[in-house]
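Take a look at the structure set out below.
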Amino acid sequence: MFFIIIIILLITKIEMGGDIVISLFENPLNLLLTLILIIVIAVPTSHYPLYFRIRDEMKNSAIDENYNDYIFCINQNPKKFKKVLERSPFRIIYYRRKNNPSKGAKNQHDNDLFYFSIFRRSMGVSLFIAFIYILLDNCKTYLNQKFSVFLITLLLSLALVAFLIGVSLLKKKAFLAFANTTENAEMLKEAKEIVNFRKVVMAFYWFSWLSILALIATTTVVYYYKWQLLTIITTVITLVILALTFILFSVSRSWLKYVFYSSDKELASEDNDPNYLNTKYKDAIDSSSKERILGIKLWWFSDNITYLRGFAIAGILLVFFLVYLNTHWQIINRFNFITVFLVIYMVYYGLFIIYLKHRMHAKFSENSSTFKFKKFWKLYSPLLLALFLGIAISSVVRGNDLHYIPNNIDRNPHNEIALPDFEEAIKTQQKHLFVSSYGGGLKSNLWTMLVLDKLERNNTDFLNSVRCLSGVSGGGVGFANYMLLDTDAQKREQQINRIAKYNFVSLDLTFLLGKDLIREYIPNFLCNFNGKDRAYYGMKQHLMALKKGQDTLANISFYDVYASTYKKRKYYPPLIINTVSTNGIQGISFSIPIEKGFDSIFPGAINILDA
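In this text, residue positions in the sequence shown follow our numbering: the first is 43, and each later residue adds one.
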């Protein structure tokens with residue numbers, strides 16, 4: 043829930059939030075991938091909280107045996123990739139109910155579990171609600187629509203939760219019908235409670251197909267119409283359909299093996315659970331001839347190992363995807379910020395749950411002694427975490443060169459513009475202008491370039507009257523980018539438009555919670571990074587967006603880059619890039635080298651290019 047709140051705040055409150063959502067509709071494949079990720083991630087989001095409850099119950103089992111209503115199981119002899127998995131400390135771990143808890147404890151437990159199931163499934167529903175809220179909020183802001191975002195989101199939330207409670211009650215009544223009757227299978231087939239919940243399970247089948255059609259329709263509409271009211275309404279409708287499908291799946295999963303059971307096929311749990319297929323249920327529930335969706339057998343999901351293996355495969359794919367992004371920074375801009383955030387959320391959430399489940403199995407399970415890595419998870423894994431935390435704290439305190447500005451770039455003094463040359467060039471000028479631009483992230487960067495472009499269009503001689511361009515943060519980046527733009531107004535406009543549409547924030551997020559997060563904790567005696575952090579690659583992205591040689595310019599000093607523009611244009615105002623003041627000292631990058639007297643020109647500041 044914490045991550046869901048974060049994504050709502052990130053997208054609706056930060057200045058770039060609207061641009062992130064709009065750009066999602068500029069790329070239909072990104073939107074499709076995001077919608078698929080939401081429904082995929084909603085399933086483990088609603089499933090994993092169950093393990094926290096089980097952990098608490100197992101802790102209480104030492105006091106009251108009625109609490110210990112579960113047995114934790116492990117896939118000891120995997121049929122697939124057997125040799126690899128047998129040497130791995132990781133397994134598919136799941137739980138199943140004990141066969142013989144006391145009746146009173148079972149009834150109380152079932153009631154508690156019913157309410158808890160609604161709560162945890164509501165967490166999955168909240169992912170859909172969060173994205174609907176984000177879309178409606180940006181629709182109201184940027185398309186000037188007059189409606190209450192809060193009211194619409196609230197009504198949709200109440201409707202979805204009411205639907206969740208309704209189908210959950212139908213399932214509970216169906217189970218009670220089986221538990222409280224001794225009638226034969228033919229009589230049970232006509233029981234209203236069982237017939238009604240079977241309809242719910244069949245509704246999942248039809249809603250699955252409806253979800254597929256809705257995804258195709260939304261992708262098609264967005265491809266042709268981009269960011270419009272029509273595409274937003276279409277996407278919101280698709281999200282509601284996906285949310286209903288998710289609810290139907292999460293509630294009816296345990297019944298899929300009965301409704302979509304085919305008598306001519308062997309149907310058994312992969313772990314040979316004797317309670318997997320209840321004969322009473324199988325005989326009383328009419329099976330459907332519809333068994334598959336896109337070649338996937340629906341009854342597979344009723345088996346714990348198959349179900350969790352699906353999580354594992356999805357998680358492994360997302361980990362590989364995240365690693366690939368961190369090692370191929372040139373392609374990160376192709377994936378929307380929201381898409382990347384969902385991937386990171388799932389990877390970190392999954393890794394935490396993997397650790398939790400293996401620890402729980404090693405500590406509490408009755409058959410954990412058969413798992414040869416039991417001691418590792420029970421005793422050594424906490425020590426390894428503590429050791430890693432100690433190294434991380436030590437590395438953070440000592441620091442490393444990850445965020446240093448490289449000062450080993452070769453300079454060419456003969457090519458640089460000297461301060462006396464600049465002074466000589468402005469002596470005969472009658473007009474002296476000083477231009478400054480404040481910070482504001484990527485929007486300030488773009489705004490700075492647009493303003494300078496407009497001023498130059500109105501007066502081609504404008505920059506010849508400017509004596510310096512002074513900027514901080516996004517404003518400074520805007521000045522630096524503008525210096526690299528073409529002198530031709532039409533080509534310059536095309537370059538600015540490329541930067542405006544370029545996705546820079548996904549790289550920041552990917553490296554912040556990926557590559558840079560790991561490298562923050564690595565001391566310099568193990569590895570040198572030479573300042574190649576996310577800011578370094580972000581600047582290379584700017585050069586790539588401008589179609590400049592990022593590998594060439596990245597190895598040329600700021601002085602030489604400025605000198606090249608100065609000579610090409612016969613004159614160009616020097617740049618002053620300001621950093622945030624720390625300890626009363628301000629760092630400045632000045633595009634003209636000052637060998638002596640820097641402090642007399644910029645009192646109380648240091649030259650970070652020569653630091």
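Glycine included, every Cβ here is placed at the ideal spot set by N, Cα and C.
Item: With DSSP as the reference, please indicate the residues paired to Thr649 in a beta bridge.; Value: Rather than Thr, the amino acid found at residue 649 in this sequence is Asn. Ile630, per the DSSP bridge assignment.
Item: Using the rule of at least 16 other Cβ atoms within 10 Å of the residue's Cβ for burial, across every protein chain shown, is Val365 buried or exposed?; Value: exposed
Item: Which of the three DSSP states, helix, strand or coil, is assigned to Lys339?; Value: strand
Item: Within this structure, are the beta carbons of Val293 and Arg240 separated by less than 8 Å?; Value: no
Item: Going by DSSP in three states, Leu79 sits in which element: helix, strand or coil?; Value: helix
Item: Using the three-state DSSP reduction, which class does Met58 fall into: helix, strand or coil?; Value: coil
Item: Would the beta-carbon of Glu172 fall within 8 Å of that of Ile50?; Value: Before going on, a small fix: residue 172 reads as Ala here, not Glu. Their beta carbons are under 8 Å apart, which means Ala172 touches Ile50 by this criterion.
Item: Would you kindly work out how many angstroms separate the C-alpha atoms of Tyr667 and Gly432, rounded to a whole number?; Value: Any property of residue 667 remains undetermined from this structure, which presents the chain solely from 43 to 653.
Item: Starting from Cys569, follow its DSSP beta bridges and name the residues at the other end.; Value: Beta-bridge pairing links Cys569 to no other residue.
Item: For Gly646, count the other beta carbons within 10 Å of its own beta carbon; 16 or more makes it buried, fewer makes it exposed. Which is it?; Value: exposed
Item: According to the neighbour-count rule (16 or more other Cβ atoms, all chains shown, within 10 Å of its Cβ), is Leu421 buried or exposed?; Value: exposed
Item: What residues are listed by DSSP as bridge partners for Ser479?; Value: Gly513
Item: Assuming Val191 contacts Leu202 (C-beta within less than 8 Å), just tell me the rounded distance between them.; Value: That belief does not hold up - the Cβ atoms of Val191 and Leu202 are roughly 16 Å apart, past 8 Å.
Item: Quick check: the Cα distance between Ala285 and Glu535, rounded to an integer number of angstroms?; Value: 43 Å
Item: Would you grab the beta carbon distance between Gly580 and Phe546 for me? Rounded to a whole angstrom, and I think it's under 8 Å.; Value: 6 Å
Item: Kindly indicate which three-state DSSP category Asn500 falls into: helix, strand or coil?; Value: helix
Item: Which word fits Gln583, buried or exposed, when buried means at least 16 other C-beta atoms lie within 10 angstroms of its C-beta?; Value: buried
Item: Alpha carbon to alpha carbon, how far is Phe362 from Leu79?; Value: 15 Å
Item: Quickly, what does DSSP pair Leu617 with across the bridge? List them, please.; Value: Leu511
Item: Under 8 Å between the Cβ atoms of Ile374 and Leu367?; Value: yes
Item: Does the separation of the CB atoms of Phe67 and Lys332 fall below 8 Å?; Value: no
Item: Comparing alpha-carbon positions, which option in Ile274, Ile135, Phe220 lies nearest Lys182?; Value: Ile274
Item: Assign Arg576 to one of two classes, buried (16 or more other C-beta atoms within 10 Å of its C-beta) or exposed (fewer than that).; Value: buried
Item: How far does the alpha helix (DSSP H) with Pro462 in it extend, from its first residue to its last?; Value: 461-468
Item: Can you give the Cα-Cα distance for Asp641 and Ser633, rounded to whole angstroms?; Value: 15 Å
Item: Helix, strand or coil: how does DSSP classify Arg611 here?; Value: helix
Item: Please report the distance separating the alpha-carbon of Trp341 from that of Trp371.; Value: 41 Å
Item: Unbroken alpha helix (DSSP H) runs of length 4 or more, entirely within the region 231-275: which are they?; Value: 234-267
Item: Would you mind working out which of Ser507, Asn523, Leu185, Tyr608 sits nearest Asp463, comparing C-alpha positions?; Value: Tyr608
Item: To which residues of the same chain is Leu461 closer than 8 Å at the C-beta, ignoring the five residues directly before and after it?; Value: Ile634, Pro635, Ile636
Item: Asp443 and Asn566 look like a contact to me (Cβ under 8 Å); what is the Cβ gap, rounded to whole Å?; Value: 6 Å
Item: Between the alpha carbons of Lys324 and Val243, how many angstroms are there, rounded?; Value: 14 Å
Item: Quick one: Cα of Thr54 to Cα of Gly441, how far?; Value: 34 Å
Item: Just grab the DSSP bridge partners of Arg334 for me.; Value: Lys339
Item: Just the Cα atoms here: how many angstroms apart are Ser250 and Gly516?; Value: 46 Å
Item: Would you kindly work out how many angstroms separate the C-alpha atoms of Leu484 and Met58, rounded to a whole number?; Value: 8 Å
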